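Notes to accompany the following structure.
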Amino acid sequence: GAVVSQHPSRVICKSGTSVKIECRSLDFQATTMFWYRQFPKQSLMLMATSNEGSKATYEQGVEKDKFLINHASLTLSTLTVTSAHPEDSSFYICSAPMRGTREQYFGPGTRLTVT
Amino acid sequence: RKEVEQDPGPFNVPEGATVAFNCTYSNSASQSFFWYRQDCRKEPKLLMSVYSSGNEDGRFTAQLNRASQYISLLIRDSKLSDSATYLCVVNGEYGNKLVFGAGTILRVKS
């Protein structure tokens, strides 16, 4: 099946620093990728839609200046959490739909801990 | 009202049991429906898409009732390895956006 990778899988950073998370579609091209966040015992919440070659679309309540998204190629989207705070600690997951289908494939997630 | 609602469970069942989960969705314009499985601290994995005619994959059967806006998942002959959180997922108002239910926890015990 389709494979989506994420890097890093786990990161611990200090408050005030920035963290970049990469999401790659390994065997298919993705003009659109999605970024989700999941807090413990809660469901996935869509943060933003990453569009190749254009600006990302953010969900209501998600600060675009804090969560910078770049979709520079058909196989790579990056999420940068800027000036991270402890409340940003969460499980960040990306997904990409296989072109021509409505099914989405998820990366393995990145667990961010901000101290 | 949440867009996708599920009974959080947990459902505790013995091995070999049959268990059913239901899910309701609020957006009548939704066109795509899925069940995903999520293991603890892992990413969701697609279990099966749900079609209007219903579909079966081994021990798993999914049904869609558009009139009542609910989706079901039936697991027969439960295995210990079926223990996970099952997420009901519906496409949102626009394109490929997915809306996730909070998930139903299944625990299969020997």
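Note that the protein sequences, when read in sequence, are chains S and P. Following the working numbering, the residues of the first sequence are numbered contiguously, the last one being 197. Following the working numbering, the residues of the second sequence are numbered contiguously, the last one being 111. Beta carbons: idealized from backbone N, C-alpha and C, even for Gly. This one's a predicted model, so the numbers in the text were calculated from it and none came from an experiment.
How long is the line joining the alpha carbons of residue i and residue j, rounded to whole angstroms?
{"i": "residue 112/S", "j": "residue 111/P", "result": "42 angstroms"}
{"i": "residue 171/S", "j": "residue 130/S", "result": "17 angstroms"}
{"i": "residue 127/S", "j": "residue 98/P", "result": "11 angstroms"}
{"i": "residue 182/S", "j": "residue 99/S", "result": "39 angstroms"}
{"i": "residue 189/S", "j": "residue 4/P", "result": "24 angstroms"}
{"i": "residue 19/P", "j": "residue 10/P", "result": "15 angstroms"}
{"i": "residue 42/P", "j": "residue 107/S", "result": "21 angstroms"}
{"i": "residue 30/P", "j": "residue 152/S", "result": "31 angstroms"}
{"i": "residue 142/S", "j": "residue 57/P", "result": "37 angstroms"}
{"i": "residue 187/S", "j": "residue 180/S", "result": "7 angstroms"}
{"i": "residue 52/P", "j": "residue 123/S", "result": "29 angstroms"}
Which residues in the same chain as residue i place their Cβ atom closer than 6 angstroms to its Cβ, once the five residues preceding and following it in sequence are excluded?
{"i": "residue 195/S", "result": "94 and 171"}
{"i": "residue 92/S", "result": "193"}
{"i": "residue 86/P", "result": "39, 104 and 106"}
Please list, in chain order, all residues of the same chain as residue i whose beta carbon is under 8 angstroms from its beta carbon, the five residues on each side excluded.
{"i": "residue 16/P", "result": "79, 80, 81, 109, 110 and 111"}
{"i": "residue 84/P", "result": "107, 108 and 109"}
{"i": "residue 139/S", "result": "130, 131 and 133"}
Enumerate in chain order the residues of its own chain whose CB-to-CB distance from residue i is below 7 angstroms, with the five nearest sequence positions on each side excluded.
{"i": "residue 25/P", "result": "6, 70 and 71"}
{"i": "residue 60/P", "result": "76, 77 and 78"}
Assign residue i to one of three DSSP states: helix, strand, or coil.
{"i": "residue 82/P", "result": "helix"}
{"i": "residue 6/P", "result": "strand"}
{"i": "residue 170/S", "result": "helix"}
{"i": "residue 1/P", "result": "No information on residue 1/P is available, as it lies outside the stretch 2 to 111 that chain P covers here."}
{"i": "residue 131/S", "result": "strand"}
{"i": "residue 46/P", "result": "strand"}
{"i": "residue 90/S", "result": "coil"}
{"i": "residue 32/P", "result": "coil"}
{"i": "residue 52/P", "result": "coil"}
{"i": "residue 102/S", "result": "strand"}
{"i": "residue 199/S", "result": "Residue coverage of chain S in this structure runs from 83 to 197, which leaves residue 199/S outside it and unanswerable."}
{"i": "residue 124/S", "result": "coil"}
{"i": "residue 21/P", "result": "strand"}
{"i": "residue 38/P", "result": "strand"}
Decide yes or no for the touch test of the segment 114–127 of chain S against the segment 175–188 of chain S: beta carbon pairs closer than 8 angstroms, at least 3 of them.
-> yes
Would you call the segment 95–104 of chain S and the segment 156–172 of chain S touching, i.e. three or more CB-CB distances under 8 angstroms?
-> yes
Near-chain S residues of the segment 15–44 of chain P - C-beta to any C-beta below 9 angstroms | 32, 33, 35, 37, 39, 42, 43 and 44
Residues within the segment 173–186 of chain S neighbouring chain P, beta-carbon criterion of under 7 angstroms | 175, 179, 184, 185 and 186
According to a CB-to-CB cut-off of less than 9 angstroms, which residues of the segment 96–108 of chain P neighbour chain S?
-> 96, 97, 98, 99, 100, 101, 102, 103 and 104
With 8 angstroms as the C-beta to C-beta threshold (strictly closer), list the residues of the segment 46–60 of chain P near chain S in chain order.
-> 46, 47 and 50
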